[in-house]
Amino acid sequence: MILNKELLCVNKIKPSLLHRAVRDSDHLKIDQLLEDPSTEINKNIYYWDTALHLAVRNSDISLISKLLDHGSKINELSFAEGYSPLHLAVMSKNLVVVELLARRGADVNGMSTNYNQRFNADINGIHVKSRDINKPSVGTKVRDYYYKTPLHVAVVYNQLETVSYLLNLEQVDINAIDNLYASKYASLLYEAMRQECLETSRLLLDAGLNVNAVNEENCSVLECINQPHNDSWRRSGENPCVVVVKKHLVKLDVIDHHLIQQNLNAISGPELDEFRKDCLKEIQVLRRTRIDGTNLSYYCVLFKSERTLAVFSRNVNQSVNNYDDLVRRLPIYGGIIYFRLKQVLKRCRLLKKAEKSIFEIFKILPDTFVREIFLYLSNEDLKVLIA
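Once you know that position 312 of the sequence shown is 312 in the numbering used here, the rest is easy, because the numbers rise by one and skip nothing.
What follows is the structure, given as C-alpha cells:
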C-alpha cells in the first residue's frame, strides 16, 4: 500500500471529546458535552466520521435519538467512504436503526459518494500525485466504485427484510441508481440476480422496478447477467433468478405492459407457454374478485391508471396490509397488485389533503367537474397545493 503525505496527515487528526464519549458509550459525558455550546456535534473527521455515524455503528438507539434531538445532521456523509448514517445502518444489518432513521427523516434515496478520491486511490494501491489529482484522466481512473442508495446497499448485503421495509416506504425511488452502475448493468435487479437472491428479485420486480432498463450497450438486465464475465461467480447451470425474471416478463406481457424487444425475445420460446396459461387463468379470477370495501375488482388495479383508481379507491386500506397474504391468495399477480395499491393509497392520502384547496379554487364549477380535475394533477402538483 502506498500512502502519500496528505493521507498520513489525515490519519493524525484526533477525535473530539464527543467522538471518544460516543465510542465508549459514556452517556454521562455525552450529556455534558451536548449541553456545552462549544461542542461541534457534526464534526466530521477521517476514520471517525461524525458522532452520529459512530452511534449508528454501535446500534445505540437511545444515543442516536439523543444526537438527532440535539441537531445531528441525519444525512451527513462519512468523511472517507461517503456513507450516510442510514447506509451504515443497512450495512450493520440492524432494521431497528434503519426504521428509526427513516422515521426521523433520513433521505432514503440519498446516494453514497466518496469525499476524497485520492484516499480511495491510495488505499487501493494506486498512487496518484497531488498535482495530478484534478486532471480529468485521473478522475476517470479513480472512479472505480459506485454510488449507492440505501436500497442498493440492502440488496448488495442481501438484507431481504430491509429491502422489503424500504420498498414499503412511500418516498423510496426503486429505480434510483448511480449512472455509472446503470451504464454497465442497467438496473438494481442485476445486483440481486448476481447474488442469486430469488426473493429479493421477486420483491424488486413486484414493486415496479423498470424491467425495460438497458445499459450503455443497449443490453437488458437478462443480457447483462448472461455475459461471459459473470462465469467466475455463477454456479453450474442457469442462474435461478433468470426464470423469476422471465416469468415476471410473461406476467407483464399478458396484461399488455410495454416490453422492449430484448425482453420480448427472452420470453418468445415455448418453455413458458404453460405459465402464460396460468397467468390468463388468474386474470379471470381477478375479474371476479372485488377489493374489500370497494366496487373495484383486482383486475382494475392492473389495467387502470393510479390516478383513476385513487378517485374511486378510498376504502382499500385493509386490502394492502399484508404482502404475503395477497400473494397467497393471488400467487401470480398478488405481489404486483400489492405495490400498485400502495401507490394508489399514497395518492389517496394526497388527494384527501389537497381536496379542500382544490374545491376552494374551483368552487364555481360543478362538483363532478372538479373531481375530473383530480385525474390531471400529478402527485407533485398535489404536494404543492398541500404546502
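Ideal Cβ placement from N, Cα and C applies to all residues, glycine included.
1) Report the partner residues of Ser297 according to the DSSP bridge assignment.
2) Under a three-way DSSP split, which group does Asp49 fall into?
3) If you check the beta carbons only, do Ile332 and Glu282 fall under 7 angstroms apart?
4) Pull up the distance between the alpha-carbon of Arg287 and that of Val56, whole angstroms please.
5) For the putative contact between Tyr147 and Met91, defined by C-beta atoms under 8 angstroms, what is the C-beta separation to the nearest angstrom?
6) With a threshold of 8 angstroms on Cβ separation, who are the neighbours of Ala192 within its own chain once the five nearest residues in sequence on each side are excluded?
7) Where Tyr185 and Asn215 are concerned, what is the direct C-alpha to C-alpha distance, given to the nearest angstrom?
8) At a cut of 8 angstroms, does the stretch 94–105 reach the stretch 163–176 through at least three beta carbon pairs?
9) Out of Ser305, Asn179 and Ala89, point me to the one whose CA is closest to Tyr145's CA.
10) If you measure from the beta carbon of Asn94 to each beta carbon in chain B, is any gap under 7 angstroms?
11) Can you give me the C-alpha to C-alpha distance between Leu309 and Cys300, rounded to a whole angstrom?
12) With a CB to CB cut of under 7 angstroms and the five nearest residues on each side skipped, what residues in its chain are close to Phe275?
13) Out of His257, Leu272, Lys346 and Leu350, point me to the one whose CA is closest to Lys304's CA.
14) To the nearest angstrom, report how far apart Ala102 and Gln171 are at their CA atoms.
15) Quick check on the DSSP output: the alpha helix (DSSP H) that includes Glu161 runs from which residue to which?
16) If you drop the 5 nearest sequence neighbours on each side, which residues of the same chain put their C-beta closer than 6 angstroms to that of Arg340?
17) Relative to the C-alpha of Asp273, which candidate in Val254, Gln284, Lys352 and Leu259 has its C-alpha closest?
18) Tell me the DSSP secondary structure of Pro240 in three-state form.
19) For Ser62, count neighbouring Cβ atoms within 10 angstroms of its own Cβ and tell me buried if that reaches 16, exposed if not.
20) Within 10 angstroms of the Cβ of Lys383, are there 16 or more other Cβ atoms? Answer buried if so, exposed if not.
21) For a test of the three-state rule: what should DSSP assign to Tyr409, helix, strand or coil?
22) Between Glu360, Val311 and Asn239, which lies nearest to Glu196 when the distance is taken from Cα to Cα?
23) Beta carbon of Ile41, beta carbon of His70: below 7 angstroms?
24) For Leu67, report the span of its alpha helix (DSSP H) as first-last.
25) Let me know the secondary structure DSSP gives Phe303 once reduced to three states.
26) Would you tell me roughly how many angstroms separate the C-alpha atoms of Asn58 and Asp26, rounded to the nearest one?
27) Are there 16 or more other CB atoms within 10 angstroms of the CB of Ile225, so buried, or fewer, so exposed?
28) Using DSSP with H/G/I as helix, E/B as strand and the rest coil, what is His258?
29) So, Asp49 versus Ser16, is the Cβ gap smaller than 7 angstroms?
30) In chain order, what residues of the same chain lie with their CB nearer than 8 angstroms to the CB of Leu54, ignoring the 5 residues before and after it?
31) Check each candidate in Arg328, Thr149 and Leu198 and name the one with the smallest Cα separation from Ala176.
32) So the candidates are Val344, Leu67 and Leu34; which of them puts its Cα closest to the Cα of Leu435?
33) Is Arg328 buried or exposed, if buried means 16 or more other CB atoms sit within 10 Å of its CB?
34) Use the C-beta contact count for Arg347: other C-beta atoms within 10 angstroms, 16 or more gives buried, fewer gives exposed.
35) Can you tell me which of Ile267, Thr294 and Val221 puts its alpha carbon nearest to the alpha carbon of Ser183?
Result, derived from the coordinates:
1) To locate residue 297, count along the sequence shown from 1; it is residue 297. Answer by DSSP bridge pairing, in chain order: Arg290.
2) Here residue 49 is taken as the residue at index 49 of the sequence shown, counted from 1. Asp49 falls in the strand class under three-state DSSP.
3) The sequence position of residue 332 within the sequence shown is 332, counting from 1. The sequence position of residue 282 within the sequence shown is 282, counting from 1. Cβ distance < 7 angstroms, so Ile332 and Glu282 count as in contact.
4) As a first step, residue 287 must be located in the sequence shown, where it is residue number 287. As a first step, residue 56 must be located in the sequence shown, where it is residue number 56. Distance between the alpha carbons of Arg287 and Val56: 48 angstroms.
5) Within the sequence shown, residue 147 is the residue found at index 147, counting from 1. Within the sequence shown, residue 91 is the residue found at index 91, counting from 1. Tyr147 to Met91, Cβ: 15 angstroms. No contact.
6) Reading the sequence shown from its first residue, position 192 is the one you call residue 192. Excluding sequence neighbours, Ala192 sits near Val155, Thr200, Ser201, Leu204 and Cys241.
7) The residue given as residue 185 occupies position 185 in the sequence shown. The residue given as residue 215 occupies position 215 in the sequence shown. Whole-angstrom Cα-Cα distance: 6 angstroms.
8) yes
9) Within the sequence shown, residue 145 is the residue found at index 145, counting from 1. Closest by alpha carbon: Asn179.
10) Checking the listed chains, one finds no chain B in this structure; it contains a single protein chain.
11) As a working note, residue 309 is residue 309 in the sequence shown. As a working note, residue 300 is residue 300 in the sequence shown. Between Leu309 and Cys300, the C-alpha separation is close to 8 angstroms.
12) Taking the first residue of the sequence shown as 1, we reach residue 275 at position 275. Within the same chain, Phe275 has close Cβ partners Lys247 and Val250.
13) Locating residue 304 in the sequence shown gives position 304, counting from the first residue. The option with the nearest alpha carbon to Lys304 is His257.
14) Translated into the one-based positions of the sequence shown, residue 102 becomes position 102. Translated into the one-based positions of the sequence shown, residue 171 becomes position 171. Going from the Cα of Ala102 to the Cα of Gln171 covers about 10 angstroms.
15) Taking the sequence shown and counting its residues from 1, the one referred to as residue 161 is at position 161. Where Glu161 is concerned, the enclosing alpha helix (DSSP H) stretches over Leu160 to Leu167.
16) By 1-based counting over the sequence shown, the position of residue 340 is 340. The answer, listed in chain order, is Val301.
17) For the purposes of this step, residue 273 is taken as residue 273 along the sequence shown, with counting starting at 1. Among Val254, Gln284, Lys352 and Leu259, the Cα nearest to that of Asp273 is on Val254.
18) As a working mapping, residue 240 is identified with position 240 in the sequence shown. Pro240 falls in the helix class under three-state DSSP.
19) Against the sequence shown, residue 62 aligns to sequence position 62. That one is exposed.
20) Locating residue 383 in the sequence shown gives position 383, where the first residue counts as 1. The residue is exposed, with fewer than 16 neighbouring Cβ atoms inside 10 Å.
21) A query on residue 409 cannot be resolved here, the shown segment of the chain reaching from 1 to 387 and no further.
22) For this step, residue 196 is matched to residue 196 along the sequence shown. Looking at the Cα atoms, Asn239 is the closest of the given residues.
23) Sequence index remark: in the sequence shown, residue 41 carries index 41 (1-based). Sequence index remark: in the sequence shown, residue 70 carries index 70 (1-based). Going by C-beta atoms, Ile41 is nearer than 7 angstroms to His70.
24) Residue 67 sits at position 67 when you count from the first residue of the sequence shown. Per DSSP, the unbroken alpha helix (DSSP H) holding Leu67 starts and ends at Ile61 to Asp69.
25) As a working note, residue 303 is residue 303 in the sequence shown. Note: Phe303 maps to helix in three-state DSSP.
26) As a position in the sequence shown, residue 58 is number 58, starting the count at 1. As a position in the sequence shown, residue 26 is number 26, starting the count at 1. Roughly 12 angstroms between the two C-alpha positions.
27) Working through the sequence shown from its first residue, we reach residue 225 at position 225. Looking at its Cβ environment, which holds 16 or more other Cβ atoms inside 10 Å, Ile225 is buried.
28) Locating residue 258 in the sequence shown gives position 258, where the first residue counts as 1. Coil.
29) Position 49 of the sequence shown, counting from 1, holds the residue named residue 49. Position 16 of the sequence shown, counting from 1, holds the residue named residue 16. Cβ distance not < 7 angstroms, so Asp49 and Ser16 don't count as in contact.
30) The residue given as residue 54 occupies position 54 in the sequence shown. Excluding positions up to five away in sequence, the list reads His19, Val22, Arg23 and Trp48.
31) Within the sequence shown, residue 176 is the residue found at index 176, counting from 1. Minimum Cα distance to Ala176 is reached at Thr149.
32) In the structure as shown, the chain starts at 1 and stops at 387, and residue 435 therefore has no counterpart that could be examined.
33) What you label residue 328 is simply residue 328 of the sequence shown in a count that begins at 1. Exposed.
34) The residue you call residue 347 lines up with position 347 of the sequence shown. Buried.
35) Your numbering for residue 183 matches position 183 in the sequence shown. Here the closest residue by C-alpha is Val221.
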